[in-house]
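Peer 1:
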Amino acid sequence: MSLPYIANEPKLFGIIYARPDIVIPGFDSAQMLNLSALVGLVGLFGIAIHAWSTLPDTIPVHFGFDGQANGWGSKKVLWLLPIVGLAIYGLLTFISRYPNTFNYLVVITEQNALQ
1055 MSLPYIANEP KLFGIIYARP DIVIPGFDSA QMLNLSALVG LVGLFGIAIH
1105 AWSTLPDTIP VHFGFDGQAN GWGSKKVLWL LPIVGLAIYG LLTFISRYPN
1155 TFNYLVVITE QNALQ
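Position 111 of the sequence shown, counted from 1, bears residue number 1165 in this note's numbering, the numbering being contiguous throughout.
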């Protein structure tokens, strides 16, 4: 079975292939991982919200080998980890919905797409 030629598809060894557009059914384990990631994100934001109200305006942000604080900064740094985590979660969730756009080492056909 030969695949049709499509001009805008990526090349593999100089040959252009059409990738099948498939829908991968959801798995219970994938839903559990997604739920645990969401719980982790809610926890990160919950900790940041709680710490925001209890910490002073200037907090230690770096510690030396002796355990003493040697770098200070604003408590706005608390939001860095939750926001980066949310951005990574959003990006990975978005791109996982379009598996036919990933780059693979083998040509994806309808026969091997679900493997």
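Note that the Cβ used here is the ideal one computed from N, Cα and C, for glycine as well. Given the structure is predicted, the values throughout are model-derived calculations rather than measurements.
Quick one: give me the first and last residue of the beta strand (DSSP E) that residue 1112 is part of.
Peer 2: Residues 1112-1117.
Peer 1: Find out if the Cβ-Cβ distance for the pair residue 1144, residue 1098 is shorter than 8 Å.
Peer 2: Contact flag unset, no.
Peer 1: Taking its Cβ as the centre, do 16 or more other Cβ atoms sit within 10 Å of residue 1059, making it buried, or is it exposed?
Peer 2: Unreliable positioning characterises residue 1059 in this predicted model, as indicated by a pLDDT of 43, which lies under 50. The coordinate reading is nonetheless provided below. Result: exposed.
Peer 1: Put residue 1124 into one of helix, strand or coil per three-state DSSP.
Peer 2: The answer is strand: DSSP assigns residue 1124 an E or B state.
Peer 1: Rounded to whole angstroms, what is the Cα-Cα separation between residue 1161 and residue 1082?
Peer 2: Roughly 28 Å separates the two Cα atoms.
Peer 1: From residue 1157 to residue 1151, what distance separates their C-alpha atoms?
Peer 2: Going by the C-alpha atoms only, they are around 14 Å apart.
Peer 1: How would you label residue 1114, buried or exposed, when you count the other beta carbons within 10 angstroms and need 16 or more for buried?
Peer 2: Exposed, by the Cβ-count rule.
Peer 1: If you run the structure through DSSP and keep just helix, strand and coil, what is residue 1143?
Peer 2: Correct three-state label for residue 1143: helix.
Peer 1: Which same chain residues, not among the five before or five after residue 1095, have their C-beta less than 8 Å away from its C-beta?
Peer 2: Counting only Cβ-Cβ distances below 8 Å, and skipping sequence neighbours, we find 1136, 1139, 1140 and 1143.
Peer 1: Leaving out five residues before and five after residue 1055 in sequence, what residues of the same chain have Cβ atoms less than 7 Å from its Cβ?
Peer 2: In this predicted model, residue 1055 has a pLDDT of only 45, less than 50, meaning its place in the structure is not dependable enough to derive any value.
Peer 1: Rounded C-beta distance between residue 1128 and residue 1147? I'm assuming under 8 Å.
Peer 2: That pair is no contact at about 30 Å.
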